[in-house]
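In what follows, a structure is listed as structure tokens, so that the remarks can point back to it.
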Amino acid sequence: MGVSIVSEPVQPTSQRRPSEPVRSRPVVSVVVPIYNERDNVAALHDALTHALVQLQRPYEIVLVDDGSRDGTRDVLRSLAADDPHLRVIFFRRNYGQTAAMAAGFGACRGRVIVSMDGDLQNDPADIGRLIEKLEQGYDVVCGWRRHRQDRVATRLLPSKVANFLIARVTGARIHDTGCSLKAYRGWVVRSLVLYSDMHRFLAALGVGLGARIAELPVRHHARRAGKSKYGLGRVFRVLADLVGIKMLIQFAAHPIRWFTLLSLPLFVLSPMMFLLGFVKATREGWVWFGDYDMAAVAAGAVALLTAANVFLLGFLAELQVKVSKFFRQRVSVTAREAAR
């Protein structure tokens, strides 16, 4: 049994009883965030165990309790006491699904990592199919809930809007980016730094890393028990995160290009506002006038100062990237020389 209790999701720890034998390194790790799923976790554990035993490979199940308050934690402790393949991480409070996934990814040890939801709407029986597809030469295989068993207004419609926006902005042509059932090669998830609600963009972030991505239709079941944790509010969170994702994918190496694009409209707007403030149109043409339009001049000044600040932020970000790369290379060279 492995049980962890952490107050911060970014640095989970793992504990093992002194009498517990050390197991062989798992090949497959399944990471499942759990939040208030007391009536589902036992059935989830049974379904996962049945599906993973069929693979005939060493495996582990990493369940991350995201601060549940409905008795889920007691059920998880009971399950972990009887199953040496099960590891449980407890958060002291609710941090969100992304933090739970990041903690699970950081704690798992398998070469192949599978993520899924803990509400039994994803089918553990599809894990084997995802892994088979992964072994055909892909780095990420995304589940596609082609026939979703969800409410149209609160789940299906927001999901379609989010999928459309993510595909357009990131270039990751995935039908169902919100499906948590995915299989990854270990290097992919270990190369990512997740924050905010970035679990929705794992495929897009994988594209930015050069990962080869495939999609596979998977089964989707209606929720058996408990309440959904999603709602219409997630569309607005997706919109906010898309800006950051766009920058990470296309401008992480050269952030000054991103900030230049952001500041360019303001640089164009500023002289136009100054022109409106100091010049007026007459029948004879454009003429200067002494009683200038103070509002237009002030707007031009604000636009110019804002554009300059945005550009300087990009310059500082570019400088930080270059300096960090320089010192990493220098440390690497020093380490190689010291090893001789």
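Residue 307 is where the sequence shown starts when you use our numbering, and the numbers rise one by one after that.
Think of the CB as a built atom: it goes at the ideal place given N, C-alpha and C, for glycine as much as any other residue.
As for any alpha helix (DSSP H) of minimum length 4 sitting wholly inside the region 338–364, the runs are 347–359, ordered along the chain. Note on Y444: 16 or more other CB atoms within 10 angstroms of its CB, so buried under the neighbour-count rule. Here W450 is bridged, per DSSP, to P523.
Beta-bridge annotation (DSSP): S335 is paired with E366, I419.
Under the DSSP assignment, R393 falls in the beta strand (DSSP E) whose first and last residues are 392–397. When Cβ pairs closer than 8 Å are counted between the two stretches, the region 515–527 is seen not to touch the region 402–422, the count staying below three. Per DSSP, the continuous alpha helix (DSSP H) segment holding A510 begins and ends at 508–514.
Listed in chain order, the non-local C-beta contacts of C485 below 6 Å within the same chain comprise G449, R451, local neighbours out to five positions each way being set aside. Across the structure, T378 and L385 are spaced so that their CA atoms are roughly 11 Å apart.
Pairing L440 with G373, the inter-Cα distance amounts to about 32 Å. Under the Cβ criterion (8 Å, minimum of three pairs), the region 428–439 does not count as touching the region 495–511. With the rule of 3 Cβ pairs closer than 8 Å, the region 360–373 counts as touching the region 332–348. Between V333 and V418, the alpha-carbon positions lie close to 6 Å from each other. Check the Cα spacing between A602 and each of L619, F584, T612: the tightest is with F584.
Around the beta carbon of V524, a 10 Å sphere encloses 16 or more other beta carbons of the protein chains shown; the residue is thus reported as buried. Taking one beta carbon from each stretch, the region 575–584 and the region 605–614 have 3 or more pairs nearer than 8 Å; the two touch. In terms of CA proximity to L511, T483 leads the group K628, T355, V629, T483. A buried status is given to R393, since no fewer than 16 other beta-carbon atoms sit within 10 Å of its beta-carbon.
Shown here, A623 sits in a helix according to DSSP, grouped into three states. Boundaries of the alpha helix (DSSP H) harbouring R383: 378–388, taken from the DSSP string. Distance from the CA atom of S335 to the CA atom of V368, rounded to whole angstroms, is 7 Å.
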